[in-house]
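Here's the structure, in structure tokens; my notes come after.
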Amino acid sequence: MLERTVEIALLLDSYENLLHERTRQVLKEYFSYDLSLNEIAERHSISKQAVSDQVKRGEEKLHSFEEALGLVGKKLAHGRAIQEALLQIEKFEREKDLESLSKAKELLKEVSDGL
């Protein structure tokens, strides 16, 4: 469940403004605030089944946005590239290895070009 929660949180961070207000609110309450389906149903005066359906449809929407736009995948790839560039810079500082500096520069250029 934690992996799913983190995944939805990342997707919400990028695509929440593309969702209907009610769907966005239900997903945030369920995944970010850790409310139960019953608690959400009570807050919105709808059935538990309606909340469950909204969570399921909302997740599907978020995944379809990611499939079409790929923003989360790009963010994660950029983060990995930046981490690797930092490691290469540290290696250069330790060993004065010019190849490491060159690789860090390449990685940072890839990130910059992808923005």
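Numbered according to the working numbering, the sequence shown spans residues 41 to 155. In this text, a Cβ means the ideal position worked out from N, Cα and C, and glycines have one as well.
Since residue i contacts residue j with CB under 8 Å, what's their CB separation in whole angstroms?
i, j, result
"isoleucine 122", "leucine 141", "15 Å between Cβ atoms; not a contact."
"valine 66", "glycine 98", "7 Å"
"tyrosine 70", "isoleucine 86", "The pair is not a contact, with the Cβ atoms about 13 Å apart (cut-off 8 Å)."
"valine 112", "serine 54", "5 Å"
How about residue i and residue j: are their beta carbons less than 8 Å apart?
i, j, result
"lysine 88", "leucine 77", "yes"
"alanine 125", "leucine 147", "yes"
"alanine 90", "serine 72", "no"
"glutamate 133", "leucine 51", "no"
"leucine 145", "aspartate 137", "The sequence shown places lysine at residue 145, not leucine. No, they are not a contact pair."
"lysine 114", "glycine 154", "yes"
With distance defined between alpha-carbon atoms, name the residue in the options nearest to residue i.
i, options, result
"glutamate 100", "Glu139, Gly119, Leu138 and Leu59", "Leu59"
"glutamate 22", "Asp93, Ser92, Ser104 and Gly154", "The chain is shown from 41 up to 155; residue 22 falls before or after that span and cannot be answered."
"glutamate 61", "Asp74, Glu135, Leu75 and His84", "His84"
"serine 152", "Glu135, Leu127 and Gly119", "Gly119"
"threonine 63", "Leu127, Leu102 and Glu135", "Leu102"
For the ligand NAP, I want to know if residue i counts as a neighbour, meaning its beta carbon is within less than 7 Å of at least one of the ligand's heavy atoms.
i, result
"lysine 115", "By its list of ligands, the structure shown contains no ligand whatsoever, and the ligand NAP lies outside what it can speak to."
Which residue comes first and which comes last in the alpha helix (DSSP H) that contains residue i?
i, result
"aspartate 93", "88-109"
"serine 72", "Counting along the chain, serine 72 falls outside any alpha helix (DSSP H), and DSSP gives it neither H nor E."
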